[in-house]
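Asker:
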Amino acid sequence: MAAVSTYLNFTNQTEEAFLFYKSVFGTEFIGSISRFGDIPPSEDMPPIPEADKNLIMNIGLPILGGHLLMGTDAPESMGFRLTKGNNVYISLHPDSREETERLFKALSEGGKVEQELQDMFWGDYYGSCEDKFGVHWMFNCDQK
């Protein structure tokens with residue numbers, strides 16, 4: 000079956016971020032957590048620096064409606080140059096206002112509220128925030 004997931008890159012904070020998201024959504028990681036130290040040595044690749052071996056190469060966490068949140072650390076030793084920006088939002092569509100408020104409160108804690116939850120002209124209960132890891136979230140609840 001076809002699926003869509005959101006993939007997040009972090010600078011050495013993937014494990015902390017995903018443990019936080021796991022606590023917010025109350026779900027379990029899909030499969031095992033892959034770390035850069037799990038990559039088998041190869042003549043075609045330089046060795047993984049010791050400091051990067053415990054960083055997360057791949058992790059998956061189901062959030063709402065079957066959506067999978069995935070992530071990785073982006074080690075500079077492997078050529079990554081991460082720039083945080085506001086070009087990606089994860090848009091959540093909870094089933095109730097209560098769940099919308101719970102998720103909004105949890106995800107905005109330690110971050111920044113961009114727009115408080117409120118009834119909007121298009122009929123949804125809407126708000127947006129940036130979490131403490133720089134990830135942007137939108138909330139749309141159509142429950143009246």
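Mind the numbering: the sequence shown is residues 0 to 143 in numbering that gives the first Met the number 0, read in order. All residues carry an ideal CB built from backbone N, CA and C; glycine is no exception.
Can at least three beta-carbon pairs, one atom from the segment 42 to 59 and one from the segment 7 to 16, be found at a separation below 8 angstroms?
Answerer: Enough Cβ pairs lie closer than 8 angstroms, so yes.
Asker: Could you give the C-beta distance for S4 and L68, rounded to a whole number, given that I count them as a contact under 8 angstroms?
Answerer: The residue given as residue 4 occupies position 5 in the sequence shown. The residue given as residue 68 occupies position 69 in the sequence shown. With a Cβ gap of about 7 angstroms, S4 and L68 count as contacting.
Asker: What alpha helix (DSSP H) runs, 4 residues minimum, are completely inside the segment 55 to 108?
Answerer: Here the runs fully enclosed are 96 to 107.
Asker: So for V112, helix, strand or coil by DSSP?
Answerer: As a working mapping, residue 112 is identified with position 113 in the sequence shown. Looking at V112 - three-state DSSP - the assignment turns out to be strand.
Asker: Can you give the Cα-Cα distance for D118 and E14, rounded to whole angstroms?
Answerer: Along the sequence shown, read from residue 1 onward, the residue named residue 118 stands at position 119. Along the sequence shown, read from residue 1 onward, the residue named residue 14 stands at position 15. Looking at the two C-alpha atoms, the distance is approximately 35 angstroms.
Asker: Apart from the five residues on each side of it in sequence, which residues of its chain come closer than 7 angstroms, Cβ to Cβ, to D51?
Answerer: Residue mapping note: residue 51 aligns to position 52 of the sequence shown, counting from 1. So the qualifying residues of the chain are F35, P74, S76.
Asker: Going by CA-CA distance only, name the one from E49, L60, D123 that's closest to D94.
Answerer: The sequence position of residue 94 within the sequence shown is 95, counting from 1. Ranking the options by Cα distance to D94, first place goes to D123.
Asker: Which first and last residues belong to the beta strand (DSSP E) in which F120 is found?
Answerer: Position 121 of the sequence shown holds residue 120. Counting along the chain, F120 falls outside any beta strand (DSSP E), and DSSP gives it neither H nor E.
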